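Everything on this sheet refers to the single structure shown next.
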Amino acid sequence: MAFGPFLLLALMEGLVTAAILALAASGLALVFGVMRVVNVAHGEFYMLGAVLAWAVSAFVPGPPALAFAAALLIAPLLVAALAAAADGLILKRLNYDPEATIVATIGLLYMIQQAALSLYGPNANPVQAPFEWRIQLPWFGWSGYKLFVILAACAVLLALWAFMTRSRAGLIMRATQVDRSTARAFGINVDRVYMGTFALGAGLAALAGVLVVPVQQAHYLMGGDPLLLSFIVVIIGGLGSLRGTLIAALLIGLSDGIIGMFFSPTLAKIIATLLVAMVLVFRPQGLFGAKA
Amino acid sequence: MKMGAAGIWFVHLGLIAALFGMQFLLSPYHITNLARIMVLAVFAMGYNLAFGYTGLLSLGHALFFAAGMYAAGLSAQLWGVTAGPGLILGILAGGMLAAAVGLLALRTAGVSFMIVTLMFAQAGYLTLLYFGAVTGGDEGFTLSPASRSLLGYDLSTDTPRFLAALAVFAVGLILSLAIIRSPFGRTLVAMRENEDRSRMLGYNPFTVKLAALTLSGLYAGAAGAAWAVLFGYAGASFATIQYSILPMLYVLLGGAGTILGPFLGALLMFVLIEIATGLTSAYLFLVGAALVALVLFAPNGILGTVRERWARWLP
């Protein structure tokens, strides 16, 4: 294959990564923005989404499209419910203290990962794509499902943006983000807002997990990479800012696709992690909210 | 109850003597386990100096542990360095890396500090994987028997190994007690309690915290190097985030900001995991549940609670 088509393929694969990443990272950004909680267990919600998608598609009979649609609905809802429970049982009792919540979500990460290993097993399992359709380009064929992933992610992110800026619930969430105690003084039930935000963030991660599973198999350790990449995206984009997150996801996803194809992926990850550390060290005010 | 300086030293030296006596009471299997616990406790004592006393919550200590481990392991592997010099190289490697990370990471605080240290440790782990041809990657490598000798004693046999672990542990314990009881130790606690006020009193928070983190790195390096020469193995899996979490767990369980807390936490967690692995393979679940339970119900840990209720003198 010539260089041009090769680059095109890398860009297209990068767009898929960017779409998945944007979904997962926007959940992380939302939770940090509104609640000031760094959710280390975010990657595990993504993994649960993928594993539950496998479980649903294994138990729902009929054509793969129907099973996948069911998974797309059920898995994020289940994960959101789990996240809401974790918020009520653990995070709320810690009074959302930043350091204590990080320790607690690390604990949550281990528990979810181990539960997945015990109940689901150490194997990677594929889920059938809802439809078989290939885009035939002059140089190579490309799975039509990947195009669907990109479009679906765009649709969900648009809906999220509309929800945050146009709906009353979004307004309440933004008010809580700006000032928790003033919001409470105006009669906003902050506890419920937090629970809803945490559930929504986890649901977005799970949705990304469901979308990715026909492309990449479901495995109990699959949450590590998206967690790291989401962190990178959210920090580069400015924690809590949805627009910054989307731009950074596009940037990181595309460069991941290109660097991963032409250079060693490990080297790419080393450079990316060091870059993020440097951004935090030297530009904390611009990229990490007012004062962390 | 009040306790004078002599009494406090008596308690801590008594623990070391009691541990020395254990080698005559325990089976070889348990002696080896106790050696492991003591090495892990050294790691946790270093973590405690940064986190418990100075208030620096790092998520990257695995990097310093791995630095010590690979400094000792690789120098043995490549140049045939023996255990004694290997240990010193490991201590230096841990301390130097901690100082380098601290120079950058200490410009941040709180959540940013946690993420920056996490990112540095992750980059270190990936670097170990990238140079897998030398480091052995995740599988690691075993040290040659020839390099595992200290002053003529073979560290792969039970008694010398136990005594070497005890020696490292004793030095670590006595040193940390001396540090915490010194004026410098008080400034560490002052940084944790109120950084602005200590700055006003004329201390430079950056240098104090850098010194604390470097000390902490020296401990972690010593523990990593000791693990390599005592148990004859070095591997990149020791640089994963899990090995940054473990010392935090030990310290939280035993009591952050107590001298004996790290040892107590390492001992209890080791025993708990040992029992749990007999029952189920899901021991990581236990680690997670312990973390959540500790931050929820006992943020002061065991000895922190003891100090609060009964023994104000506990250092």
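Residue numbers (the numbering used here), protein chains in the order written: chain B, 1 to 292; chain H, 1001 to 1315. Glycine residues also receive a C-beta, built at the ideal position from the N, C-alpha and C atoms. On a predicted model such as this, the values are computed, not experimentally measured, just so you know.
Between residue i and residue j, how many whole angstroms is the CB-CB distance? I'm expecting something under 8 Å.
i, j, result
"H:Y1250", "H:A1121", "No, H:Y1250 and H:A1121 are not in contact; Cβ-Cβ is about 17 Å, not under 8 Å."
"B:L301", "B:S230", "What the structure shows of chain B is the stretch from 1 to 292, and residue 301 of chain B is not part of that stretch, so it cannot be assessed."
"H:V1189", "B:Y110", "Contact flag wrong, Cβ pair sits at about 31 Å."
"H:M1248", "H:F1051", "7 Å"
"H:G1094", "H:G1221", "2 Å"
"H:T1258", "H:A1099", "H:T1258 to H:A1099, Cβ: 26 Å. No contact."
"B:A248", "B:I236", "4 Å"
"H:A1212", "H:T1082", "At roughly 31 Å, the Cβ-Cβ gap does not stay under 8 Å, so H:A1212 and H:T1082 are not in contact."
"H:R1116", "H:T1108", "The sequence as given places Val at residue 1116 of chain H; Arg does not occur at that position. With a Cβ gap of about 6 Å, H:V1116 and H:T1108 count as contacting."
DSSP on residue i, reduced to helix/strand/coil?
i, result
"H:D1154", "strand"
"H:A1093", "helix"
"B:N125", "strand"
"B:W133", "coil"
"H:S1147", "helix"
"H:W1009", "helix"
"H:G1080", "coil"
"H:L1201", "coil"
"H:R1192", "helix"
"B:Y46", "helix"
"H:F1131", "coil"
"H:T1108", "coil"
"B:P61", "coil"
"B:D87", "helix"
"H:T1240", "coil"
"H:T1187", "helix"
"B:N95", "coil"
"B:F263", "coil"
"B:R36", "coil"
"H:R1309", "helix"
"H:M1045", "helix"
"B:P5", "helix"
"H:P1160", "helix"
"H:L1314", "coil"
"H:G1014", "helix"
"H:S1176", "helix"
"H:L1330", "Within the shown structure, residues of chain H are numbered from 1001 to 1315, placing residue 1330 of chain H beyond reach of any answer."
"B:R283", "coil"
"H:T1054", "coil"
"B:L274", "helix"
"B:A41", "coil"
"H:M1003", "coil"
"H:L1034", "helix"
"H:L1087", "helix"
"H:S1316", "Only positions 1001 to 1315 of chain H appear in the structure, and residue 1316 of chain H is not among them; the question remains open."
"H:L1059", "coil"
"B:G14", "helix"
"B:A290", "The predicted model places B:A290 with a pLDDT of 42, which falls under 50 and marks its position as unreliable; any figure quoted below should be read in that light. B:A290: coil per DSSP, three-state reduction."
"H:S1182", "coil"
Answer with buried or exposed for residue i, where buried requires no fewer than 16 other C-beta atoms within 10 angstroms of its C-beta.
i, result
"H:F1238", "buried"
"B:E44", "buried"
"H:L1303", "buried"
"B:Q136", "exposed"
"H:R1307", "buried"
"B:A185", "exposed"
"H:A1165", "buried"
"H:L1073", "Reading off the sequence, residue 1073 of chain H comes out as Gly, not Leu. Classification for H:G1073: buried."
"H:R1148", "buried"
"H:W1227", "buried"
"H:N1194", "exposed"
"H:S1075", "buried"
"H:L1078", "exposed"
"H:G1021", "exposed"
"B:A290", "Low local confidence applies: a pLDDT of 42 at B:A290 is under 50, so the model's placement there is unreliable, with the coordinate-based value given in what follows. Exposed: under 16 other Cβ atoms inside 10 Å."
"H:P1145", "exposed"
"B:A300", "Outside the modelled stretch of chain B, which goes from 1 to 292, sits residue 300 of chain B, for which no answer is possible."
"H:T1159", "exposed"
"B:F288", "Its pLDDT being 43, under 50, B:F288 is placed unreliably by the model, and the measurement read from it follows with that caveat. So B:F288 counts as buried."
"B:G286", "Caution applies to B:G286, whose pLDDT of 46 falls short of 50 and renders its modelled position unreliable; the value that the coordinates give is listed next. Label assigned to B:G286: exposed."
"H:I1275", "exposed"
What residues are listed by DSSP as bridge partners for residue i?
i, result
"H:F1141", "H:A1234"
"B:G141", "B:Q136"
Quick one: does residue i have its CB under 8 Å from some CB of chain C?
i, result
"H:T1108", "Of the chains in the structure shown, none is chain C; the protein chains are B and H."
Please give me, in chain order, every unbroken run of the alpha helix (DSSP H) with length at least 4 that falls completely inside the segment 166-244 of chain B. 168-178, 180-185, 190-212, 224-237
Quick check for students: name the residue ranges of the beta strand (DSSP E) that lie wholly in the segment 1246-1306 of chain H, counting only runs of 3 or more. none
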